[in-house]
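Read the structure below first, then the notes.
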Amino acid sequence: MGRGIYSAAAALGALAVATGASGAGSATPGVTPTSIVIGGTIPLSGVASAYQTVGKGAAAYFRYVNDHGGVFHRKITYLIKDDQYDPSQTIQKTRELVEQDHVFAIFNSLGTEQNQATRPYLNAQGVPQLFVASGAGTWGKDYKQWPWTIGYQPNYLAEGTIYGRYIAKTAPKSKIGVLYQSDGYGNELLAGLKRGLGKKAKLIVSKQSYDATDSDVQSQIAKLKAAHANTMMLFSTPLFTIQAYNYSRKLGWRPKVYVNAVSSASNIMGIATNATDKKQTEGSISIVFLKDPTDPRWKNDPGIKLYRSIMKKYKGVQPNDVYNVYGMSVAHTFVEALKKAGRSPTRTSIMKAVTHLNVHNDPFLLPGIVVRTTATDRFPLDQARLERYHNGRWVSFGGLFRIR
Amino acid sequence: MRRALGMSLWVAMVSAGLAVFLFLPHFVSDFHSRDLAQAGAFFIAIIGLDLLTGYTGQISLGHGALMAIGGYTTAALIVHEHWRDVWTIPLAGIAAGIVGFVVGLPALRLSGLYLALATFALAVAMPSLIKKFSGLTGGSQGLQFLESSPSQVTGLSGKVTVFGHTMTQNHFLYYLTWSIGIVGLGVAWLVVRGRGGRTFRSVRDSEIAAVSSGVNLAWTKTFAFALSGVYAGVAGALYAIQTEIVNPLSFTVSISILLLVGAVVGGLGSLSGLVLGALFVEYLPTLSTHVSTREGVPDFIYGAAIIVVMILLPTGAGGLLRRLARPLTTWLYTRP
């Protein structure tokens with residue numbers, strides 16, 4: 000740590016100049032013989048705070064792993080910073096994690112714009128940006144430009160394609176109205192929908208966008224209804240999804256609803272049902288890749304039993320919230336990657352590990368789903384099933400399919 | 000004799016302040032100098048607000064909007080015109096100064112609370128206005144300039160070379176911001192110490208008395224608004240350069256209120272305590288989360304701290320400094 004000579008130009012207003020910077024340490028940041036420090040940003044408050052359990056579920060799983068000896072006797076410390084879903088705060092908080100807390104890697108940071116904002120910085124610094132909590136295609140696609148970045152969940156374009164294909168096949172006379180968030184996330188789902196509809200893309204009678212910073216989507220829903228749509232696509236985050244159900248009921252409008260996976264958690268649907276009535280949410284369709292803790296099918300499933308015991312022991316919040324399950328799944332994958340990265344993990348070896356995943360035993364994913372990556376295939380999760388909301392809960396139907 | 004002593008004390012204090020400015024980054028972590036740089040941006044905006052609200056008596060709850068003008072000017076010039084980031088700062092100041100001048104026009108008819116509400120409306124409307132002109136401003140996604148221009152002074156390398164000396168980016172931002180801040184403080188001092196300051200204060204204390212003494216009310220008010228806007232614009236530009244991104248969420252109503260809090264804590268109508276006001280605004284939110292991160296607790300502590308400061312220091316940090324120094328100044332400047 001060679002501290003250089005500080006020379007200063009003292010004239011008022013002149014820039015002082017300092018030479019000398021701390022030399023780069025040879026040890027891997029964030030890794031000691033007994034601990035490993037990672038961190039990420041999660042909207043604990045603000046418009047997208049419904050996603051906070053994505054971080055809290057992961058944190059609970061790490062505590063469980065730590066109490067069972069950690070990984071190679073290292074305890075995992077997972078620092079969560081609140082960025083309020085504001086990309087400028089994501090940058091600051093991420094810098095803080097890297098430069099002040101000296102994290103080994105950024106893990107599970109949430110949001111498309113948010114992670115795009117920090118990606119150039121993290122890649123320039125050579126800090127792994129692991130399992131980005133966003134379904135944008137860019138995390139898996141653009142690895143040549145951004146080698147230190149990888150996503151996790153099924154991507155939005157593929158999800159939209161599935162809905163499009165399903166509609167084209169099962170209801171080719173639909174009149175589709177789309178509500179979508181006017182950013183990368185909403186646009187990718189919309190593009191996927193068009194791709195899936197193929198020649199039937201003209202079934203879309205109205206597209207209404209909203210802004211993540213808007214207060215409500217009342218006028219958008221009214222316009223969809225006015226366009227005589229009988230099918231509504233909700234490519235929106237939880238708050239706006241609930242509003243969409245609510246406003247359509249107020250307008251006396253009951254379309255067939257397709258709700259994207261980021262808002263189809265049972266607790267969100269429960270709120271939407273309570274805010275309206277059973278008929279409004281009945282028959283909604285979504286995709287699923289996680290075990291839903293409210294689904295009675297999994298009542299005696301070892302994965303959900305483990306989930307419940309972790310939630311109980313580490314005082315998790317909202318145990319019926321499927322985003323907790325998501326958090327545990329991504330944490331499980333990180334632990335598996337860390338085991339693969341060897342006894343003395345480095346940033347290079349963890350990147351190698353996360354791009355050579357083949358995890359069959361994730362207890363939180365639907366049976367049969369494999370977390371698989373290769374150096375050129377960087378979509379860890381690319382399998383899902385369709386599900387239908389019936390009598391207040393999701394029922395999956397059809398087989399497991401690969402979404403691309 | 001005592002005058003000479005007073006002068007040398009004054010010089011000593013200024014040099015001590017400069018020494019703190021020069022060497023502070025070397026006593027804190029590299030990342031921390033980035034926090035300090037952000038406090039510096041607040042400092043500049045607060046000086047401007049103090050000139051307007053503290054000296055001229057025009058309450059503004061819309062300074063966040065003026066900062067937004069500065070920040071977006073900088074971002075747009077970098078992203079669309081590929082300017083070097085530091086050279087956009089003067090232009091950002093001028094742009095916000097012009098907007099400040101225009102905002103000052105209603106101030107000729109409105110006063111007190113009504114003016115505060117009018118400026119507040121500007122702050123509330125600004126995020127929507129920004130989204131409206133999405134071609135220029137990037138809409139709700141904002142403009143990010145880290146990616147688009149790797150040759151920038153605050154580029155990705157983490158190092159900046161100025162006049163042949165290389166320093167870390169965080170140190171550079173600190174020195175850049177606080178150098179401008181010190182120049183800004185000097186300019187403000189020159190403005191308020193003589194006739195200008197008397198004019199400002201006369202408008203604040205009684206408009207009728209000021210007019211009957213020959214003060215041009217319209218000119219004084221709009222000039223104060225424009226000058227204050229220049230400070231806010233420069234602050235907004237620096238803030239944007241530090242965060243490397245601007246979006247509508249960067250400049251919300253809360254930043255306008257935060258600046259007023261900073262000016263009040265620093266001491267309205269004096270310049271000496273404004274640094275403390277800026278540090279208060281920068282660090283209290285973080286400090287309050289250290290007490291407890293439970294929901295609502297940091298906000299509560301933050302609010303309570305402001306109330307406590309207001310009860311104990313009704314004239315702000317500037318007033319406290321004045322009170323502490325009074326025995327000394329009285330001794331120095333009264334003839335025996």
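Respectively, the protein sequence lines represent chains A and B.
Counted from 1, the first sequence has number 176 at position 177 by numbering that gives the first Met the number 0; the numbering is strictly sequential.
Counted from 1, the second sequence has number 303 at position 304 by numbering that gives the first Met the number 0; the numbering is strictly sequential.
Heads up, the beta-carbon is just placed ideally off N, CA and C, and yes, glycines get one too.
Computed from a predicted model, the values in this text were never measured in an experiment.
Residue-level contact to chain B via CB, residue i, 9 Å cutoff
{"i": "Ala57(A)", "result": "no"}
{"i": "Pro86(A)", "result": "yes"}
{"i": "Arg377(A)", "result": "no"}
{"i": "Pro146(A)", "result": "no"}
{"i": "Tyr120(A)", "result": "yes"}
{"i": "Gln242(A)", "result": "no"}
{"i": "Arg94(A)", "result": "yes"}
{"i": "Ala116(A)", "result": "yes"}
{"i": "Ile90(A)", "result": "yes"}
{"i": "Gln317(A)", "result": "no"}
{"i": "Gln128(A)", "result": "no"}
{"i": "Ser21(A)", "result": "Residue placement at Ser21(A) cannot be trusted, given a pLDDT of 33 that sits under 50; what the coordinates show is reported in the next sentence. Chain B, which has a Cβ nearer than 9 Å to the Cβ of Ser21(A), makes this yes."}
{"i": "Gln279(A)", "result": "no"}
{"i": "Gln83(A)", "result": "yes"}
Whole-Å CB distance - residue i paired with residue j, under 8 Å assumed
{"i": "Gly276(B)", "j": "Ile45(B)", "result": "5 Å"}
{"i": "Val370(A)", "j": "Leu385(A)", "result": "Wrong, their Cβ atoms sit about 20 Å apart, outside the cutoff."}
{"i": "Thr275(A)", "j": "Arg248(A)", "result": "4 Å"}
{"i": "Ala75(B)", "j": "Leu172(B)", "result": "The pair is not a contact, with the Cβ atoms about 20 Å apart (cut-off 8 Å)."}
{"i": "Ala187(B)", "j": "Gly69(B)", "result": "With a Cβ gap of about 17 Å, Ala187(B) and Gly69(B) do not count as contacting."}
{"i": "Pro237(A)", "j": "Ile267(A)", "result": "5 Å"}
{"i": "Ala226(A)", "j": "Val204(A)", "result": "5 Å"}
{"i": "Leu196(A)", "j": "Ala157(A)", "result": "Incorrect: roughly 14 Å between the Cβ atoms, too far for contact."}
{"i": "Lys255(A)", "j": "Thr230(A)", "result": "5 Å"}
{"i": "Phe378(A)", "j": "Asn154(A)", "result": "6 Å"}
{"i": "Ala57(A)", "j": "Val329(A)", "result": "6 Å"}
{"i": "Asp182(A)", "j": "Thr111(A)", "result": "7 Å"}
Residue span of the beta strand (DSSP E) that contains residue i, given as start and end
{"i": "Tyr77(A)", "result": "Lys74 to Asp81"}
{"i": "Gly398(A)", "result": "Arg392 to Arg401"}
{"i": "Ile368(A)", "result": "Where Ile368(A) is concerned, there is no enclosing beta strand (DSSP E), given that its DSSP letter is neither H nor E."}
{"i": "Lys255(A)", "result": "Lys255 to Val258"}
{"i": "Gln152(A)", "result": "Looking at the DSSP string, Gln152(A) is not in any beta strand (DSSP E), and its letter there is neither H nor E."}
{"i": "Phe100(B)", "result": "First-last for Phe100(B): Thr87 to Gly103, but that is the alpha helix (DSSP H), not the beta strand (DSSP E)."}
Chain-order list of residues whose beta-carbon lies under 7 Å from that of residue i (same chain, five-residue window excluded)
{"i": "Ser34(A)", "result": "Arg73, Lys74 and Thr76"}
{"i": "Ile241(A)", "result": "Ile267, Ile270, Ala271 and Ala274"}
{"i": "Phe333(A)", "result": "Phe106, Leu129 and Phe130"}
{"i": "Ala117(B)", "result": "Pro105 and Leu109"}
{"i": "Ala316(B)", "result": "Val264, Gly265, Gly266, Gly272, Leu275 and Gly276"}
{"i": "Tyr113(B)", "result": "none"}
{"i": "Gly138(B)", "result": "Lys130"}
Delimiting residues of the alpha helix (DSSP H) encompassing residue i
{"i": "Val252(B)", "result": "Val252 to Gly265"}
{"i": "Glu335(A)", "result": "Val321 to Lys339"}
{"i": "Glu281(B)", "result": "Leu273 to Val290"}
{"i": "Arg118(A)", "result": "Thr111 to Gln124"}
{"i": "Gln242(A)", "result": "Pro237 to Lys249"}
{"i": "Ile129(B)", "result": "Gly111 to Lys131"}
{"i": "Glu158(A)", "result": "Tyr155 to Thr169"}
{"i": "Phe30(B)", "result": "Asp29 to Leu48"}
Contacting residues, own chain, Cβ-Cβ under 8 Å from residue i (five flanking each side not counted)
{"i": "Gly96(B)", "result": "Ala225, Leu226, Gly228, Val229 and Gly232"}
{"i": "Ala94(B)", "result": "Ile68, Gly69, Thr72 and Gly232"}
Within-9 Å CB hit, residue i to chain A
{"i": "Asn215(B)", "result": "no"}
Cβ neighbours of residue i in the same chain (closer than 6 Å, five flanking residues each side left out)
{"i": "Thr320(B)", "result": "Residue identity differs from the one stated: residue 320(B) is Leu in this sequence, not Thr. Result list for Leu320(B): Ser271 and Gly272, in chain order."}
{"i": "Pro126(B)", "result": "Pro247"}
{"i": "Leu312(B)", "result": "Leu319"}
{"i": "Val191(B)", "result": "Tyr54"}
Min CB distance residue i to chain D below 9 Å
{"i": "Leu65(B)", "result": "Any reference to chain D falls outside this structure, whose protein chains are A and B."}
*Pull out every residue of the stretch 238-263 of chain B whose Cβ sits closer than 8 Å to any Cβ of chain A, in chain order.*
Of all residues in the stretch 238-263 of chain B, Thr242, Glu243, Ile244, Val245, Asn246, Pro247, Leu248 and Ser249 have a Cβ within less than 8 Å of some Cβ in chain A.
*Taking only beta carbons into account, state which residues of the stretch 118-149 of chain B come closer than 8 Å to chain A, listed in chain order.*
Pro126, Lys130, Gly138, Ser139, Gln140, Gly141, Gln143, Leu145 and Glu146
*Taking Cβ-Cβ distances below 9 Å as the criterion, which residues of the stretch 163-191 of chain A are in contact with chain B?*
Ser181, Asp182 and Gly183
_Beta carbons nearer than 8 Å to chain A: which residues of the stretch 22-34 of chain B have them?_
Phe22, Pro24, His25, Ser28, Asp29, Phe30, His31 and Arg33
*Please list the residues of the stretch 359-393 of chain A that have a C-beta atom closer than 9 Å to any C-beta atom in chain B, keeping them in chain order.*
none
*With 7 Å as the C-beta to C-beta threshold (strictly closer), list the residues of the stretch 202-225 of chain A near chain B in chain order.*
Asp210, Ala211 and Thr212
*the stretch 96-116 of chain A: positions lying closer than 7 Å to chain B by Cβ*: Glu98, Gln99, Glu112 and Ala116
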